[in-house]
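Report on the structure given below.
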Amino acid sequence: MAKTKAEKIAAIELQMTQLENQRKKLIQEQKQQERKDRTKRLCKRMGLFESMLPESISLTDEQFQIFLEKTIAAEHSRRILDGLTAQRGTQQTARNAAYTETQDDEDADEDDGSDARVRD
Numbered sequence: 001m002a003k004t005k006a007e008k009i010a011a012i013e014l015q016m017t018q019l020e021n022q023r024k025k026l027i028q029e030q031k032q033q034e035r036k037d038r039t040k041r042l043c044k045r046m047g048l049f050e051s052m053l054p055e056s057i058s059l060t061d062e063q064f065q066i067f068l069e070k071t072i073a074a075e076h077s078r079r080i081l082d083g084l085t086a087q088r089g090t091q092q093t094a095r096n097a098a099y100t101e102t103q104d105d106e107d108a109d110e111d112d113g114s115d116a117r118v119r120d
């Protein structure tokens, strides 16, 4: 039995609603995963920090904030952070270049194969 246009429209609208709900659910799951990743990163880094400077455990939140502000504001700290950030950028650039080179090699291999078939 053929559906009327109104039935088709209703079915499509239902499908659109379902897809929108799926999209919202995926966005919610993504945000939740990002929060979990952030919490894990913060706990790991703070644990490392406290293991290296156990004296910082007894500081109040205000004292800890002052310590961080003064440490981070130091020129030496900024140079170290800038160096690490630049190093990470260089490593990322090198990874991207290696990936591009690998893709170029694969493309060349594919081209070689197709040329051989054309010659035969």
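Per the UniProt record's numbering, the very first residue in the sequence shown carries number 1; after that it's consecutive. Note that CB positions come from ideal geometry on N, CA and C, so glycine has one too.
- In the three-state reduction of the DSSP assignment, K40 falls in the helix class, which pools H, G and I.
- Around F67, the same chain offers S56 and L59 as residues with beta carbons nearer than 8 Å, after the five sequence neighbours per side are excluded.
- Apart from sequence neighbours up to five positions away, no residue of its chain approaches K70 with a beta-carbon distance below 6 Å.
- Distance between R38 and Q32, taken at the CA atoms: about 10 Å.
- For A2, the three-state secondary structure derived from DSSP is coil.
- As the crow flies, the alpha-carbon of C43 is around 25 Å from that of A86.
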